[in-house]
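**Student:** Numbering (the numbering used here), first residue to last: 1 to 253.
Just so it is clear, CB atoms sit at the ideal spot from N, CA and C, and this is done for glycine as well.
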C-alpha cells in the first residue's frame, strides 16, 4: 500500500526530510549529472528530486500513482503532474529518455509488470534509476519515514529484477547512512555520516540507488493482461489537432 501524498509532503517539508533530500540528491548526481534535451519522467513521489534536472530537459513529468494521490507540480506553473497506474502508463512506446522512480517500486503491486511497462515507454538506450529502501538498513526498519513502508530490496534483488525485465544493470550508489532521527545535533553531522558510510559500511545504507539501461537485443515474452486502460498521451507542447467525429454530420448534409 502506498504512502499517502499528504504524509510524503509533510515528511519532505520537515527538517529530517530536507536533509534526506540533500543526501539522496548528492548520490543521484553521481549517476546523472545533466540531461540536456531529454524527456524525463519521475514515477512515484519524485518531485523533491526533479528540480535538479528540469532546467536541462526537453520536458519533465511527475507521474504519481493513483494509490498515492497527486499534487500540482511545479508550483505556481502549468502542471506537469499526471495521476497514473504504474503498470499502464499514459505514454506511447519508446517516448521518453529517462525514468526516475522514488517511493515507487517498493509499493508496486507487481514489480515485474511495472518495470516491463517502463521498458515499453523508454526509448532505445533509455535509462532508469530506482531509489528503494535497503532491506539491511535501519531506515527500512522504522516507520516514521516513508522509507519504512513497502517492500525493501537488496542490491542482488534489484539486479535480478532488472535482468528479468530486460534491463542491463549499470552504476549504483548509496545514501542515508545517518540515523533517521529528529535530533538536530545528529542531523548536523549528516555529511560526516555519509562520507564514512560510503567508505566503511555501504551495505547498510538507508537506500540503494541503482541505474539500468533498456536492453534491445532480447524480446520480452508476450502475455495476456487482465485489463488495459486506455489513456490519451499528451507530450508535445502544441495542441492536438481535432478530428471530426464519425457521427457528426458534415457541413454539406
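Following the continuous alpha helix (DSSP H) through residue 121, name the residue where it begins and the one where it ends.
**Tutor:** By one-based count along the chain shown, residue 121 stands at place 121. Looking at the DSSP string, the run of the alpha helix (DSSP H) that includes residue 121 is 111-121.
**Student:** Assuming the contact rule is C-beta atoms closer than 8 Å, residue 80 and residue 60 should be a hit. Round their C-beta distance to whole Å, please.
**Tutor:** Counting from one through the chain shown, the residue named residue 80 turns up at place 80. Counting from one through the chain shown, the residue named residue 60 turns up at place 60. Right, the Cβ-Cβ distance comes to about 6 Å (below 8 Å), so this counts as a contact.
**Student:** Quick check on DSSP: helix, strand or coil for residue 206?
**Tutor:** The count along the chain shown starts at 1 and reaches residue 206 at position 206. In the structure shown, residue 206 adopts coil according to DSSP, grouped into three states.
**Student:** Could you check the C-alpha separation between residue 185 and residue 191 for me, to the nearest Å?
**Tutor:** Counting from one through the chain shown, the residue named residue 185 turns up at place 185. Counting from one through the chain shown, the residue named residue 191 turns up at place 191. Roughly 12 Å separates the two Cα atoms.
**Student:** Just to confirm the assignment: which complete alpha helix (DSSP H) runs, minimum length 4, are found wholly within the segment 3-63?
**Tutor:** 5-13, 15-29 and 47-54
**Student:** What would DSSP say about residue 92, mapped onto helix, strand or coil?
**Tutor:** In the chain shown, the residue the question calls residue 92 occupies position 92. Note: residue 92 maps to coil in three-state DSSP.
**Student:** For the beta strand (DSSP E) containing residue 107, name the first residue and the last one.
**Tutor:** Within the chain shown, residue 107 is the residue found at index 107, counting from 1. Run containing residue 107: none; DSSP gives neither H nor E here.
**Student:** When the Cα atoms are used, what is the spatial distance from residue 56 to residue 125?
**Tutor:** Counting from one through the chain shown, the residue named residue 56 turns up at place 56. Counting from one through the chain shown, the residue named residue 125 turns up at place 125. Distance between the alpha carbons of residue 56 and residue 125 is about 19 Å.
**Student:** Which whole-angstrom value is the C-beta distance of residue 176 and residue 206, which I expect to be below 8 Å?
**Tutor:** If you number the chain shown from 1, residue 176 lands on position 176. If you number the chain shown from 1, residue 206 lands on position 206. Rounded, the Cβ-Cβ distance is 3 Å, consistent with contact.
**Student:** Looking at the structure shown, is residue 135 part of a helix, part of a strand, or coil, going by DSSP?
**Tutor:** In the chain shown, residue 135 corresponds to position 135, counting from 1. The answer is coil: DSSP assigns residue 135 none of H, G, I, E or B.
**Student:** Which residues in the same chain as residue 230 place their Cβ atom closer than 6 Å to its Cβ, once the five residues preceding and following it in sequence are excluded?
**Tutor:** For this step, residue 230 is matched to residue 230 along the chain shown. In this prediction, residue 230 has a pLDDT of 47, which is less than 50 and means its spatial position is unreliable; what the coordinates show is noted afterwards. Cβ within range, chain order: n/a, list empty.
**Student:** Closer than 6 Å by C-beta to residue 178: which residues in its own chain qualify, once you throw out the five before and the five after it? Chain order, please.
**Tutor:** Here residue 178 corresponds to residue number 178 of the chain shown, with the count starting at 1. Contacts found: 190 and 193.
**Student:** Of the residues 151, 129 and 128, which one's Cα is nearest the Cα of residue 137?
**Tutor:** Looking up residue 137 in the chain shown gives position 137. With distances taken between Cα atoms, residue 137 lies closest to 151.
**Student:** What is the DSSP secondary structure of residue 239, counted as helix, strand or coil?
**Tutor:** Within the chain shown, numbered from 1, the residue matching residue 239 stands at position 239. Residue placement at residue 239 is flagged as unreliable, the pLDDT there being 43, under the threshold of 50; the coordinate-derived value follows with that caveat. Here residue 239 sits in coil by DSSP.
**Student:** Please name the residue in 216, 129 and 23 whose C-alpha comes closest to that of residue 171.
**Tutor:** The residue you call residue 171 lines up with position 171 of the chain shown. Considering only alpha carbons, the answer is 129.
**Student:** Looking at C-alpha atoms only, which residue of 18, 157 and 24 is the closest neighbour of residue 198?
**Tutor:** As a first step, residue 198 must be located in the chain shown, where it is residue number 198. Looking at the Cα atoms, 24 is the closest of the given residues.
**Student:** With a threshold of 16 other CB atoms inside 10 Å of the CB of residue 156, please say whether the residue is buried or exposed.
**Tutor:** Position 156 of the chain shown, counted from the start, is the residue given in the question as residue 156. It is exposed - the Cβ of residue 156 has fewer than 16 other Cβ atoms within 10 Å.
**Student:** To the nearest angstrom, report how far apart residue 73 and residue 168 are at their CA atoms.
**Tutor:** As a working note, residue 73 is residue 73 in the chain shown. As a working note, residue 168 is residue 168 in the chain shown. Cα to Cα, residue 73 sits roughly 31 Å from residue 168.
**Student:** Taking residue 154 as the reference, which of 166, 142 and 173 has the closest Cα?
**Tutor:** One-based indexing of the chain shown puts residue 154 at position 154. Checking every option, the nearest Cα to that of residue 154 belongs to 173.
**Student:** For residue 98, does the count of other Cβ atoms within 10 angstroms reach 16, so buried, or fall short, so exposed?
**Tutor:** Counting from one through the chain shown, the residue named residue 98 turns up at place 98. That one is buried.
**Student:** Using only the alpha-carbon positions, how far apart do residue 3 and residue 196 sit?
**Tutor:** Numbered from its first residue, the chain shown carries residue 3 at position 3. Numbered from its first residue, the chain shown carries residue 196 at position 196. Rounded to whole angstroms, residue 3 to residue 196 spans 30 Å at the Cα level.
**Student:** Grab the span of the alpha helix (DSSP H) containing residue 191 for me, first residue to last.
**Tutor:** Residue numbering aside, residue 191 sits at position 191 when the chain shown is read from its first letter. From DSSP, the alpha helix (DSSP H) with residue 191 extends over 190-200.
**Student:** Specify the secondary structure class of residue 168 as computed by DSSP and reduced to three states.
**Tutor:** Along the chain shown, one-based indexing puts residue 168 at 168. Correct three-state label for residue 168: strand.
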